[in-house]
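When the letters of the sequence shown are read in order and numbered with UniProt numbering, they come out as residues 1 to 441. Built from N, CA and C at the ideal position, the CB exists for glycine as well. What you are looking at is a predicted structure, and each value in this text was computed from that prediction instead of being measured.
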Amino acid sequence: MPVTMSKPSCVGHLSRTSLALVLALAGACDAGGPGASGGDDASGTSSTSADGGVETTGSGEAETTDAVGSSSTGEDDEDGDGLDLPATPYNYANPDLPAHFRTPLVRALDNTPQDNPITDHGATLGRVLFYDTALSRNETVACGTCHQQAAGFSDTTQLSEGFEGGLTGRNSMGLSESRWYATGRFFWDERAATLEEQVLGPIQNEVEMGLTLTELVERVSTRPYYRELFIAAFGDDEVTTERIARALAQFVRAMASYRSRFDEGLAAAGSIRSQFANFTAEENLGKDLFLQPRTACVACHLGGPPPPPGQDFANQAIFLPLEPLNNGLDAGPVEDDNGVGDITGDPADDGRFKSSSLRNIAVTGPYMHDGRFATLAEVIDHYDSGIKPHPNLDPRLRGPNQQPRRMNLTPAEKGALVAFLGTLTDEALLGDPKFGDPFVR
């Protein structure tokens, strides 16, 4: 689902997303308020479907889904519907999240709406919709075409190709950790207020998939394999755009990356500041540089308040900024794409773009909203010495003289940062069958 370029009605200025709000939400979660799961994994999920259908959760499932490519039940196409789905649905609702995903702050970042919790049957329906080429006009493109599992649910090309060969206006953003973007806004310019709104955008885009919502419902309604999937997810077989959006959003929110070498090291060490025994010396150096004020990487990419002296970061899990920012890619407004500014109409928002999570960043290139950087080394070079003096440049990227900051990294330090970012790759997620294409091609 690469970004579309249409301009919807303007939204309010996005600076309303503040640390104070997140901290207030964190307090509410810790006290059992909105966003608290009541369960040990703080997933905020439910054992019933969003529409009241009967739901089977992951507890007691026959297959093990946390191991790459494993499923003791197997998947086959016994009924000849073109789908390989396990008899018992995969566990999407209750993943075994590690402790650093279950803190009050991280729980507060969860944008899962109360009326659309992740359910096993709902996400299963979403998985089928995500990979179904019938959702494009000439039945050649699916959401998964431009959001490839092996590439961290991004695309490997600078711009993605639509159903008739046209190119998208922006790079396809990686999707993992979408659940923990606190504002819930999506697309690079944040024009979609919720993930449920976002997932319908590319389907309607004239370049990407090319269907109207009426045609979408007709397409899904005429595919016989959807009847039982809708009944399992929602209690009956009625197909609506709202239900399609809910199921797709559930599947995307379930794309949680938490089984990387970084996660293993953090679980053993107990603090992101500690040396990780499973890291090389270069990777530990890169992690240390990432946390240092000299680079300021952590100021943006571990969304949350800076820790008091001697204390640890409240967020050591998501690697996702709390709001869109201007990172100095250009020296001023450009003719064709000013990000959030084109949506709000506020010049102060020109050049601000949403960021994706750094998790799996080593496999999600090209980078930035326009895919201008082919490699992580180029990205590091930009932040080291290439930041441009845009009037809206984020303050965290300015030096004492208000000019773009310069890190003055050595080649070895640049290599160490790239090496550390590689430890955020979650090979388990990238090969997990429950997130793969269920169609027999």
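In its own chain, which residues sit with a C-beta less than 8 Å from the C-beta of residue i, not counting the 5 before and 5 after it?
i: L129; result: L135, C143, V220, I244, A247, L248, F251
i: S385; result: R406, M407, N408
i: F186; result: S178, A192, T194, L195, E197, Q198, K354
i: A296; result: R396, L397, R405
For a quick check, are the C-beta atoms of residue i and residue j less than 8 Å apart?
i: G328; j: K414; result: no
i: M255; j: F373; result: no
i: S176; j: L424; result: no
i: A314; j: P324; result: no
i: L213; j: Q204; result: yes
i: S178; j: T364; result: no
i: E282; j: A182; result: no
i: V298; j: W180; result: no
i: H369; j: G339; result: yes
i: V239; j: V217; result: yes
i: E190; j: I343; result: yes
i: A317; j: H100; result: yes
i: L302; j: S357; result: no
i: A377; j: V418; result: yes
i: P224; j: D381; result: no
i: D263; j: P98; result: yes
Please tell me whether, using a cut-off of 7 Å, the distance from the CB of residue i to the nearest non-hydrogen atom of the ligand PLP is below it.
i: E208; result: Here there are no bound small molecules, and the ligand PLP is not part of this structure.
To which residues of the same chain is residue i closer than 7 Å at the C-beta, ignoring the five residues directly before and after it?
i: Y210; result: Checking the sequence shown, residue 210 turns out to be Gly, not Tyr. Closer than 7 Å at Cβ, skipping near neighbours: S136, R137, F163.
i: P404; result: G328, I387, K388, P389, L393, L397, R398
i: N284; result: Q275, F276
i: F420; result: E283, G286, K287, F290
i: T112; result: G44, I118, R179, R253
i: G166; result: V207
i: C300; result: P321, L325, R396
i: R261; result: N278, T423
i: N116; result: A50, E196, R246, A249, Q250
Spatial neighbours of residue i within its chain, please: CB distance less than 6 Å, with the 5 preceding and 5 following residues excluded, ordered by chain position.
i: L200; result: A245
i: R259; result: D426, A428
i: I231; result: D237
i: G422; result: A362
i: P95; result: A256
i: G126; result: A247, L248, Q250, F251
i: V379; result: Y367, F373
i: Y226; result: V220
i: W188; result: V3, R170, F353, K354, H369
i: G184; result: N111, T194
Since residue i and residue j are thought to touch, with beta carbons under 8 Å apart, how far apart are those beta carbons, to the nearest angstrom?
i: N326; j: G174; result: Not confirmed; about 20 Å, so no contact.
i: G304; j: N171; result: No, G304 and N171 are not in contact; Cβ-Cβ is about 26 Å, not under 8 Å.
i: R273; j: D336; result: Rounded, the Cβ-Cβ distance is 42 Å, inconsistent with contact.
i: T133; j: L229; result: 17 Å between Cβ atoms; not a contact.
i: A233; j: G122; result: 4 Å
i: N278; j: G265; result: 5 Å
In chain order, which alpha helix (DSSP H) runs of at least 4 residues are fully inside the segment 313 to 358? 340 to 344
Validate contact between the segment 144 to 159 and the segment 78 to 95 using beta carbons, cut 8 Å, 3 pairs: no
The segment 381 to 398 contacting the segment 338 to 355, beta-carbon criterion three pairs below 8 Å: Counting Cβ pairs under 8 Å, three or more are found: they touch.
Unbroken alpha helix (DSSP H) runs of length 4 or more, entirely within the segment 204 to 254: which are they? 213 to 222, 226 to 234, 241 to 253
Going along the chain, which unbroken runs of the alpha helix (DSSP H) with 4 or more residues stay wholly within the segment 102 to 142? 104 to 109, 120 to 131
Threshold first: 3 residues or longer. Then list the beta strand (DSSP E) segments lying entirely within the segment 354 to 392, N to C. List check, beta strand (DSSP E) in window: nothing returned.
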